[in-house]
Every structure is written in structure tokens, then in C-alpha cells.
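Q: I am attaching a structure below and will ask some questions about it afterwards.
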Amino acid sequence: MSRHLTGLQMNGRLFHWSVMEIRQGKLWPVVLALTLIIACVFALTALAARMEQVIVKQGKDALTADTVFVSANPIPPQVLKQSNADQLVTAQMIRFGTMAFSDDNKMQLISVKAVDERYPLRGELRLKTDSLVQHHVRPGELWLDERILAQLNVKVGDHLAIGDADFTINGVIEQEPGLSFNPFQQMPSAFISREDVAKTGAVQTGSRVQYQLFINGNEQSIEKLKKSVVLSPSDKWRDKNSASRTSDVFDRTEQYLSLTVAIVIMMAATTLVLTCQHYVSSRRQTIAMLKSLGARKTWIIRWLAIQLMILFISASALGLLVGVGLEYLLRLPLKDMLPTPLPGYGRTPCYTALVTCFLIAVPALGIPFHQLLNISASSVMGQGSLEVKQRKIWLLLLVPIIPLLTVYFDNVLVWMIFVGICVLFVVLGGVSLLITHLLSKVAIHPTLTLALSRINRSGKASSLQFGALALSLMLLAVMWLVRTDLLSDWSKTIPPDAPNAFALNIAPYEKQSYLDALDKAGVERSPAYPITRGRLTEINGIDAKSRAEGREGHDALRREINFTWSSVLPDYNDVIAGKWTPHAGVSVEQDLAEDLGIQIGDTLTFVINSQTLSAQVNTIRHVEWRQMKPNFYFIFSPDVMANMPATWLVSFRLTQHHESLLVQLSRAHPTVSVLDIRTMGAKIESLLRQIVWSITVLAALGVVAGLLLIFTLLRLSLSQRQNEIRLYRTLGASRRRVANTIWLEYGIMALVGGIVASAGAELVVGLMMKYGFNLTPTFHVMLWIALPVVTFAILAVVISSLIRRLLVPINKAFS
Numbered sequence: 001m002s003r004h005l006t007g008l009q010m011n012g013r014l015f016h017w018s019v020m021e022i023r024q025g026k027l028w029p030v031v032l033a034l035t036l037i038i039a040c041v042f043a044l045t046a047l048a049a050r051m052e053q054v055i056v057k058q059g060k061d062a063l064t065a066d067t068v069f070v071s072a073n074p075i076p077p078q079v080l081k082q083s084n085a086d087q088l089v090t091a092q093m094i095r096f097g098t099m100a101f102s103d104d105n106k107m108q109l110i111s112v113k114a115v116d117e118r119y120p121l122r123g124e125l126r127l128k129t130d131s132l133v134q135h136h137v138r139p140g141e142l143w144l145d146e147r148i149l150a151q152l153n154v155k156v157g158d159h160l161a162i163g164d165a166d167f168t169i170n171g172v173i174e175q176e177p178g179l180s181f182n183p184f185q186q187m188p189s190a191f192i193s194r195e196d197v198a199k200t201g202a203v204q205t206g207s208r209v210q211y212q213l214f215i216n217g218n219e220q221s222i223e224k225l226k227k228s229v230v231l232s233p234s235d236k237w238r239d240k241n242s243a244s245r246t247s248d249v250f251d252r253t254e255q256y257l258s259l260t261v262a263i264v265i266m267m268a269a270t271t272l273v274l275t276c277q278h279y280v281s282s283r284r285q286t287i288a289m290l291k292s293l294g295a296r297k298t299w300i301i302r303w304l305a306i307q308l309m310i311l312f313i314s315a316s317a318l319g320l321l322v323g324v325g326l327e328y329l330l331r332l333p334l335k336d337m338l339p340t341p342l343p344g345y346g347r348t349p350c351y352t353a354l355v356t357c358f359l360i361a362v363p364a365l366g367i368p369f370h371q372l373l374n375i376s377a378s379s380v381m382g383q384g385s386l387e388v389k390q391r392k393i394w395l396l397l398l399v400p401i402i403p404l405l406t407v408y409f410d411n412v413l414v415w416m417i418f419v420g421i422c423v424l425f426v427v428l429g430g431v432s433l434l435i436t437h438l439l440s441k442v443a444i445h446p447t448l449t450l451a452l453s454r455i456n457r458s459g460k461a462s463s464l465q466f467g468a469l470a471l472s473l474m475l476l477a478v479m480w481l482v483r484t485d486l487l488s489d490w491s492k493t494i495p496p497d498a499p500n501a502f503a504l505n506i507a508p509y510e511k512q513s514y515l516d517a518l519d520k521a522g523v524e525r526s527p528a529y530p531i532t533r534g535r536l537t538e539i540n541g542i543d544a545k546s547r548a549e550g551r552e553g554h555d556a557l558r559r560e561i562n563f564t565w566s567s568v569l570p571d572y573n574d575v576i577a578g579k580w581t582p583h584a585g586v587s588v589e590q591d592l593a594e595d596l597g598i599q600i601g602d603t604l605t606f607v608i609n610s611q612t613l614s615a616q617v618n619t620i621r622h623v624e625w626r627q628m629k630p631n632f633y634f635i636f637s638p639d640v641m642a643n644m645p646a647t648w649l650v651s652f653r654l655t656q657h658h659e660s661l662l663v664q665l666s667r668a669h670p671t672v673s674v675l676d677i678r679t680m681g682a683k684i685e686s687l688l689r690q691i692v693w694s695i696t697v698l699a700a701l702g703v704v705a706g707l708l709l710i711f712t713l714l715r716l717s718l719s720q721r722q723n724e725i726r727l728y729r730t731l732g733a734s735r736r737r738v739a740n741t742i743w744l745e746y747g748i749m750a751l752v753g754g755i756v757a758s759a760g761a762e763l764v765v766g767l768m769m770k771y772g773f774n775l776t777p778t779f780h781v782m783l784w785i786a787l788p789v790v791t792f793a794i795l796a797v798v799i800s801s802l803i804r805r806l807l808v809p810i811n812k813a814f815s
């Protein structure tokens with residue numbers, strides 16, 4: 001019993017000594033690093049699962065189904081038969097344009113959507129009457145866009161003729177599902193039942209009609225259906241990836257989230273390694289002394305194991321707690337986008353965080369602590385070597401590397417960072433050391449000469465310090481710059497001056513009066529563009545479709561698209577190649593030109609209204625489709641289209657003071673279609689604000705990890721200089737001279753490291769923007785100023801906290 005009590009007492013003392021050793025050994029950065037790893041992995045893993053649901057839900061809601069079969073012909077019977085055989089849920093829509101006539105002989109061209117009672121399969125259709133709201137269309141019903149009511153001066157309960165059929169207006173369309181990013185697809189709509197299409201007489205041979213089959217079901221059944229259908233030139237499948245241009249925002253958010261996880265883990269792991277290595281160097285003599293006093297290796301193992309246990313348990317508890325709070329903070333601005341009710345993230349993020357932290361900690365803690373265990377007892381009298389050099393211990397590095405290779409095998413961005421770290425560490429260290437060598441040639445002040453001499457004298461150590469510092473600064477900059485460039489790109493989605501209304505089908509005889517009405521009301525508008533529709537058929541005499549097989553540009557050749565012409569190109573389209581001449585030429589949009597291999601000087605042949613015409617490519621333009629301005633794949637010179645009939649289009653920006661203007665324009669110009677996209681714009685703006693907040697929080701998290709790493713680097717570097725600095729003091733160097741040398745030495749490191757890191761960050765971010773995010777790289781002037789300033793600020797905190805202790809002479813330090 002007494003021996004058992006003695007054992008308990010001994011374990012208690014070991015625990016107490018371990019706690020004291022953690023405090024005196026200054027291992028608190030280890031807890032911070034472990035906590036940061038666990039918190040980040042937990043929060044971002046949980047958020048990633050929820051973001052995946054958002055992306056899938058957003059894409060499918062935009063389609064109003066899991067996938068859609070679209071055709072210019074009636075849905076083939078075999079497609080319907082196969083869908084039923086695979087137990088897929090389906091709904092159908094027939095979409096066509098026709099005239100609507102009121103009882104007082106007013107008429108309006110409208111877009112009719114004839115659907116069955118199962119539509120929509122996803123999203124929400126809100127049809128509102130004076131007393132109730134319904135979500136599906138029944139036979140005999142007519143539901144109108146509110147603008148059509150104003151244009152035709154009718155109200156709910158009145159009669160309206162759609163083609164040959166008479167309907168009673170049941171109510172208004174309060175909300176449609178499947179809001180597309182393309183404003184030209186947002187025509188004022190009328191909903192009727194598919195059963196009522198025949199009696200309208202509007203769908204005849206040669207009519208412009210689109211048939212859609214909406215399909216819900218599991219992925220395997222849908223893929224089986226797709227493989228069984230042979231598509232004709234007028235058929236295509238639409239899935240969530242092609243539903244909306246806004247999906248790019250979600251995809252890039254996911255990429256940035258993965259990038260953040262990787263960089264934060266790398267920086268926190270580096271902090272962990274540096275701290276542990278410093279602990280080993282500072283405790284060599286302690287372990288040697290314990291061994292010389294008779295401490296057995298098993299006792300030291302227990303002592304170190306208790307320390308590791310305390311560190312890991314503390315970091316796990318604190319990291320999970322912080323991770324839950326961080327996940328909530330990241331999720332808070334996304335609450336309107338996330339599914340309701342919000343699904344739980346289960347235990348996976350917890351397990352992932354703890355396992356990730358453990359895998360990183362195995363080599364980060366195991367290798368240096370193994371070195372401590374092999375310290376010789378004879379080292380108590382000096383810096384003795386290890387008893388046994390076991391190179392196999394470095395195999396512990398494979399513990400985190402193998403899972404890393406598995407998880408991020410196909411993530412291009414993460415591999416860019418990982419390979420960049422390996423290469424740039426050496427490059428940054430070497431370039432930094434070269435710069436200091438060049439500075440030493442022109443140093444004119446003794447203190448500056450001494451500081452540069454100290455750096456250059458220990459070339460290998462200085463190179464490692466420079467490489468680590470510059471790399472840390474570079475990762476910090478990469479994290480923030482990627483965030484900045486992404487937000488800059490997303491800001492183009494809805495510019496402050498973006499038009500939020502489009503007027504189409506303006507007849508030539510009413511064009512001037514329509515524009516005059518807008519100008520008189522003080523409405524900001526674009527130039528008016530003539531519009532006609534046609535197809536690209538040949539490129540240099542070769543069938544255009546043969547050059548587009550399997551390419552994205554193929555879709556633009558499978559349908560008629562809008563053409564325009566002008567003597568000048570839009571000022572918001574940047575000319576990439578060529579020079580615009582308003583004679584016998586055509587300008588082509590950049591992406592389509594790349595997809596189809598179109599170059600300056602090529603001759604393109606088009607069919608417009610059964611007429612064939614040709615034009616030579618004189619310019620290639622970059623078009624920012626997301627700006628909601630009138631944009632076109634092809635813009636012709638006026639002489640090419642001189643004899644083509646056309647209607648006109650103009651975009652303009654409405655405010656809340658222009659509500660009455662829309663009604664007046666609709667009544668004065670009943671055949672003009674006005675697309676009011678303010679609701680869609682507000683939704684996209686809200687979406688972007690929410691994502692911007694989350695991206696900013698993620699970047700701030702990376703900054704915290706980076707600052708902790710840089711602080712640790714500078715602190716450990718100064719601590720390693722402790723004996724050398726005290727020797728200077730013992731030999732008579734004044735406190736001022738030594739202090740000035742320290743400030744200059746580390747000031748040079750901060751300046752050189754900041755500049756070199758800025759160059760590295762510009763290179764890495766440029767490559768990531770171009771090849772990772774498919775964006776145009778930009779130059780960041782403020783980075784070259786901010787990075788050295790940030791380093792100086794951290795340096796000032798570190799030096800100020802250590803300078804007094806460092807300047808104590810050796811004889812006083814041991815007295």
C-alpha cells in the first residue's frame with residue numbers, strides 16, 4: 001500500500017514538474033500552434049460540408065431540378081419512357097412567345113410558360129391572388145407578370161386572349177424559380193397549363209418554341225438516362241454546373257477555403273516545429289544533468305510524455321472550443337444561404353481536426369523530443385553530441401506527408417503553395433543573403449557594418465533565418481492578396497453603376513421617342529444597339545461546328561444568338577488584339593475566339609434571316625458578362641449589316657423614383673419588353689456581401705497564424721543570440737552599441753525579408769490567379785510597403801520584450 005501511495009505521489013510530482021517545465025520551458029507557443037491547427041481544421045471542415053450543400057442547392061434551385069433536358073422539338077417519347085422506367089420524377093414546360101390581347105384591343109408580346117402541375121421540382125413558384133398564394137399551375141389558369149398588367153391596363157379577374165384562347169386572369173407571379181444570371185432570359189412571363197397550349201393555337205410548325213423536361217432523382221439513374229439519349233443538334237442537357245455564372249463565386253470560395261486550410265496548417269505546423277526545436281536546444285543541459293544525477297531513460301520518457309499529454313489535451317479542448325465558435329462566426333453571414341433546417345455536421349470535423357493535429361504533431365514533437373532522450377550525460381559540461389544518431393527517426397515525417405498526398409492529390413492550388421514553399425525557401429534565403437552581401441560593400445556606418453558582418457559571418461544560419469522569415473511573410477501576403485483579388489473580381493459582378501433594366505424589341509420608328517423619354521426623366525442609360533439574330537456557319541470556309549466539337553464554344557453554334565453593329569466598340573469592352581475599323585469588319589468576344597480558334601484576319605460567314613454574309617475579324621474583345629451591360633459575341637461594322645432589319649435594345653439604371661416611369665413607358669410603348677432585374681441584382685449583391693464577410697474572416701485567420709509564426713521566428717532567432725550578445729557586453733561593448741546593432745541587424749532582415757517576400761508573393765499569387773482561379777493577375781503596389789512595415793512592427797514588439805534580458809553581461813547573468 002505504501003509503495004502504491006509512493007507511486008501516486010511520484011506521479012503527482014511528475015505532473016507538477018511537467019506543468020512547471022511547460023511554463024519555464026516556454027512551450028506555450030506549442031499549445032497555441034496546436035490549438036490553431038485544431039480550430040482551423042474543425043471550423044473549415046464543418047463549413048466546407050455546409051458550403052457544399054449550398055453550392056449544390058443553389059445550382060439545382062436555379063435549374064428547378066437536378067437536371068434539365070432542353071430541346072427545340074417536343075420531348076422524345078423514349079426519354080419520357082426511360083425516365084418513368086428509372087422512377088425519376090419529371091415535370092415539363094413549353095416556352096414560346098405570342099401576343100396577348102385585352103378586351104379594349106391593347107396588345108403585348110409576352111413569353112408564355114406552359115407547365116404541368118408538378119412544376120417546379122425545386123425552388124419556389126409563388127402565384128398570388130387577393131386572398132391566397134399557390135405554388136402550382138392548374139388547367140384553365142392564367143398568371144401574369146405584374147408588368148403585363150400595367151402594360152395592358154388589366155387587373156385580376158379580367159379576360160385576356162392568349163393567341164386563340166380566352167383566359168381569366170387568376171393573379172400575379174410573385175416569384176419564379178430558376179432565376180438566371182442572364183438578364184435576356186428574364187422576359188415578363190405568363191404561366192398557363194400545358195393542357196391549354198393546344199387551344200391557344202400559338203405553337204405551329206416553324207414556331208420558336210423551347211421544350212424542357214425537368215428531372216429529379218439519384219445521380220446514377222440520371223447518368224444512365226443521359227447515356228441512353230442520343231442528342232440531336234437542337235438538344236442539350238443542363239446541370240447545376242451550367243445553371244448560373246454565380247456558381248463561379250461558390251467554386252472559388254471553396255478553392256479559397258481549401259487554400260486557407262492548407263496555408264494555416266503549414267504555418268501553424270512550422271511554428272510548432274520551431275518552438276520544439278528551440279525547446280530542445282534550451283533543455284539539452286537540463287536532460288544531461290538529470291541523467292548525470294541518475295535519472296533513468298524511462299523516468300525521462302514518462303516526464304516528457306506527461307508534458308506532451310498536457311499539451312495535446314489542453315490544445316484539443318481549447319482548439320475544439322475555438323473551432324465551434326469560429327465555425328459559427330464563419331457561418332453567421334451565410335445563414336440566408338444555408339439550408340433550413342440546418343443539418344448538423346456530426347463528428348467528422350472533430351475527428352478530422354484531432355487526427356490532423358496528431359499527424360502533424362508526431363514528427364513536430366517526436367523528432368526533437370527523441371533528440372532530448374538521446375542527450376549524453378557528459379553533455380552537462382558542454383555541448384556534447386547525441387549518444388546515438390538514429391536516422392530512422394526522420395521517417396516520422398512520412399506520417400503527415402502521406403495523408404497530405406492523399407487528401408490534396410488533385411488540388412492544384414494547394415500543390416502550387418506546397419511546391420512553392422520547397423523552392424522558394426531556398427531561393428528567398430539565397431536572394432536575401434545576396435542582398436545583404438551587396439549592402440555590406442556600401443555600408444558607411446560602423447554599427448551598420450557590424451550588423452551586416454554578423455549576418456554574413458554565419459551564412460548558413462542567416463540564410464535559413466532569411467528563408468523562413470521571407471517564406472512566412474510570403475504566405476501571409478498570399479493569403480491576403482488572394483482574398484483581395486477575389487473580392488476585386490467579384491465586385492465586377494454588380495458594379496455600383498450597373499444597369500438594372502433592359503428594354504428590348506424597340507421598333508425603329510419608336511426608338512427616338514423611347515430614348516427621349518428616358519433622357520427627359522434623367523435616367524442613366526447605355527447607347528441604343530440594333531439587334532438581329534443569326535448563326536455563325538463557317539470560319540475561313542470551313543464548317544464552324546467541326547472546329548467546335550467538344551469545346552465550350554460549341555454551345556454558341558447550336559442556337560441563334562444576338563448580333564449588333566456600330567461604328568465604335570463599347571467603351572466597357574477591352575480590345576485584346578487587332579484594331580477596330582468601321583468597314584467590312586467584325587469584332588469577336590475573346591473566350592469564343594479561343595474556343596473556336598478564331599484569329600485576326602479570319603473570314604467568318606453568317607446566316608441571318610436566311611441571308612448569307614461574310615466579314616473579316618479585325619478585333620478580339622474581352623467581355624465581362626457579369627456587369628449586366630449589353631454585351632455581344634459579335635459586333636459588326638455598320639456597312640456589313642446595312643440591309644438587315646432590326647429592333648433596338650437599351651439598358652438603363654432605375655431608382656425607386658422611377659416606378660411611375662416604367663408604367664408610362666409600358667403604356668406608351670406596349671410592344672417593347674422591359675426587363676426589370678432589380679430583384680435579381682439585390683439577391684446577387686446580398687449573396688456577395690455574405691461571402692465577402694466569410695472570405696475576410698478566413699483571411700484574418702490566416703493572418704493570425706502568419707503573425708504568430710513570424711513572432712516565433714524572430715523571438716527564437718533573438719534567443720539563440722543570447723550568449724553572443726552577453727559576450728559582447730562582457731568584453732566592454734556599450735548597451736547602446738549592442739542595442740543599435742541588434743535593431744539594425746533585425747531591421748535589415750525585416751526590410752530585405754519583406755521586399756523579397758513581396759516579390760515571391762506577387763509571383764505566386766499571379767500564377768494562382770491565372771492557373772488556379774482563371775483570373776487576370778494584378779500588381780499590388782501597397783504590398784511592397786505594407787509587408788516590411790508589418791515585419792518592423794512585430795520586430796519592435798519582440799525586441800522590446802527581450803532587449804533588457806539580452807543586454808545583461810555573462811558575468812552578471814551567472815552571479
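Numbers 1 to 815, taken from UniProt numbering, label the letters of the sequence shown in order.
Ideal Cβ placement from N, Cα and C applies to all residues, glycine included.
This one's a predicted model, so the numbers in the text were calculated from it and none came from an experiment.
Buried or exposed: P499, going by 16 or more other Cβ atoms within 10 Å of its Cβ?
A: Buried, by the Cβ-count rule.
Q: Of the residues A262, L293, C276, which one's Cα is nearest the Cα of Y408?
A: Nearest of A262, L293, C276 to Y408, Cα basis: A262.
Q: In whole angstroms, what is the alpha-carbon distance linking W565 and S637?
A: If I take the Cα positions, the gap works out to 5 Å.
Q: Does DSSP put V663 in a helix, in a strand, or in coil?
A: Three-state DSSP puts V663 in a helix.
Q: Tell me whether the beta-carbon of G534 lies closer than 8 Å to the beta-carbon of V586.
A: Result no, Cβ atoms of G534 and V586 do not sit closer than 8 Å.
Q: In the DSSP assignment, find the alpha helix (DSSP H) that holds N643 and state where it starts and stops.
A: Careful: N643 lies outside any alpha helix (DSSP H) and carries neither H nor E.
Q: Just to confirm my understanding: we take P670, look at its own chain, exclude 5 residues before and 5 after, and list those with CB closer than 8 Å. What are they?
A: Closer than 8 Å at the Cβ level, and outside the excluded window around P670, lie K106, M107, Q108, Q151, L152.
Q: Return yes when the Cβ of E117 is within less than 8 Å of the Cβ of V137, no when it is not.
A: Yes, the Cβ-Cβ distance between V137 and E117 is below 8 Å.
Q: What number of angstroms, rounded off, separates the C-alpha of V172 from the C-alpha of S221?
A: Distance between the alpha carbons of V172 and S221 is about 37 Å.
Q: I'd like to check one pair, V70 with K227: are the Cβ atoms closer than 8 Å?
A: No, the Cβ-Cβ distance between K227 and V70 is not below 8 Å.
Q: How many angstroms separate the CA atom of V133 from the CA atom of R147?
A: Computed Cα separation, rounded: 19 Å.
Q: Cβ atoms of A353 and G325: under 8 Å apart, would you say?
A: Their beta carbons are not under 8 Å apart, which means G325 does not touch A353 by this criterion.
Q: Which one or two residues does DSSP pair with N216 in a beta bridge?
A: BP columns for N216 point to V89.
Q: I'd like the list of long-range same chain contacts for T619, defined as Cβ closer than 6 Å, with 5 residues on each side in sequence excluded.
A: Closer than 6 Å at the Cβ level, and outside the excluded window around T619, lie V575, G578, W580, S587.
Q: How many whole angstroms separate the CB atoms of I375 and A269, which I take to be in contact at a CB cut-off of 8 Å?
A: About 25 Å; that fails the 8 Å criterion.
Q: In terms of alpha-carbon separation, which member of A615, L34, K224 lies closest to C276?
A: Comparing Cα positions, the closest option is L34.
Q: If you draw a straight line from the C-alpha of L596 to the C-alpha of I561, how long is it?
A: Those two C-alpha atoms are separated by around 16 Å.
Q: By Cβ distance, which residues of its chain are closer than 8 Å to G645, with the 5 residues on each side in sequence left out?
A: In the sequence as displayed, the identity of residue 645 is Pro instead of Gly. Within the same chain, P645 has close Cβ partners T532, N609.
Q: Give the secondary structure of V672 by DSSP, where H, G and I count as helix, E and B as strand, and everything else as coil.
A: It is coil, neither helix nor strand.
Q: Using a Cβ-Cβ cutoff of less than 6 Å, which residues in the same chain neighbour F184 once the five nearest sequence positions on both sides are dropped?
A: Low confidence applies here, because F184 scores a pLDDT of 44, under 50, leaving its location unreliable; read the following figure in that light. Closer than 6 Å at the Cβ level, and outside the excluded window around F184, lies no residue.
Q: Excluding the 5 residues flanking S801 on each side, which residues of the same chain have their C-beta closer than 7 Å to its C-beta?
A: Closer than 7 Å at the Cβ level, and outside the excluded window around S801, lies no residue.
Q: Are A761 and M474 closer than 8 Å when you measure CB to CB?
A: Closer than 8 Å, so yes.
Q: Check this for me: beta carbons of A91 and V115, under 8 Å apart or not?
A: For A91 and V115, yes; Cβs fall inside 8 Å.
Q: Roughly how many angstroms lie between the CA atoms of W480 and R331, to the nearest whole one?
A: The alpha-carbon atoms of W480 and R331 are separated by roughly 20 Å.
Q: Less than 8 Å between the CB atoms is what I'm expecting for C357 and I38, so what's the real figure, rounded?
A: Confirmed, Cβ separation roughly 5 Å.
Q: Please report the straight-line C-alpha distance between M749 and I742, rounded to a whole angstrom.
A: Their backbone Cα atoms lie some 11 Å apart in a straight line.
Q: Go ahead and label H583 buried or exposed: buried means 16 or more other beta carbons lie within 10 angstroms of its beta carbon, across all protein chains shown.
A: Result: exposed.
Q: So, with DSSP's three-state summary, where would you put E176?
A: In the structure shown, E176 sits in coil (DSSP, three-state: anything other than H, G, I, E or B).
Q: What separation, rounded to the nearest whole angstrom, lies between the Cα atoms of L36 and K113?
A: Rounded to whole angstroms, L36 to K113 spans 54 Å at the Cα level.
Q: Between the beta-carbon of residue 827 and the beta-carbon of A528, is there less than 8 Å?
A: For the chain, the structure presents residues 1 to 815; residue 827 sits outside this window and is missing.
Q: Can you grab the Cα-Cα spacing for the pair A615 / R208, in whole Å?
A: Their backbone Cα atoms lie some 27 Å apart in a straight line.
Q: Tell me, please, which residues DSSP counts as bridged to W143.
A: W143 pairs with G171, F191.
Q: So, helix, strand or coil for W237, using DSSP?
A: Residue state, collapsed to three classes: strand.
Q: Throw me the rounded Cβ distance for the D164 and K199 pair, which I believe falls under 8 Å.
A: So it is a contact: roughly 7 Å between Cβ atoms.
Q: I'd like to know whether the C-beta atoms of L365 and I301 end up nearer to each other than 8 Å.
A: No, they are not a contact pair.
Q: So, is T348 buried or exposed, given that buried needs 16 or more other C-beta atoms within 10 angstroms?
A: Classification of T348: exposed, given that the 10 Å Cβ count is below 16.
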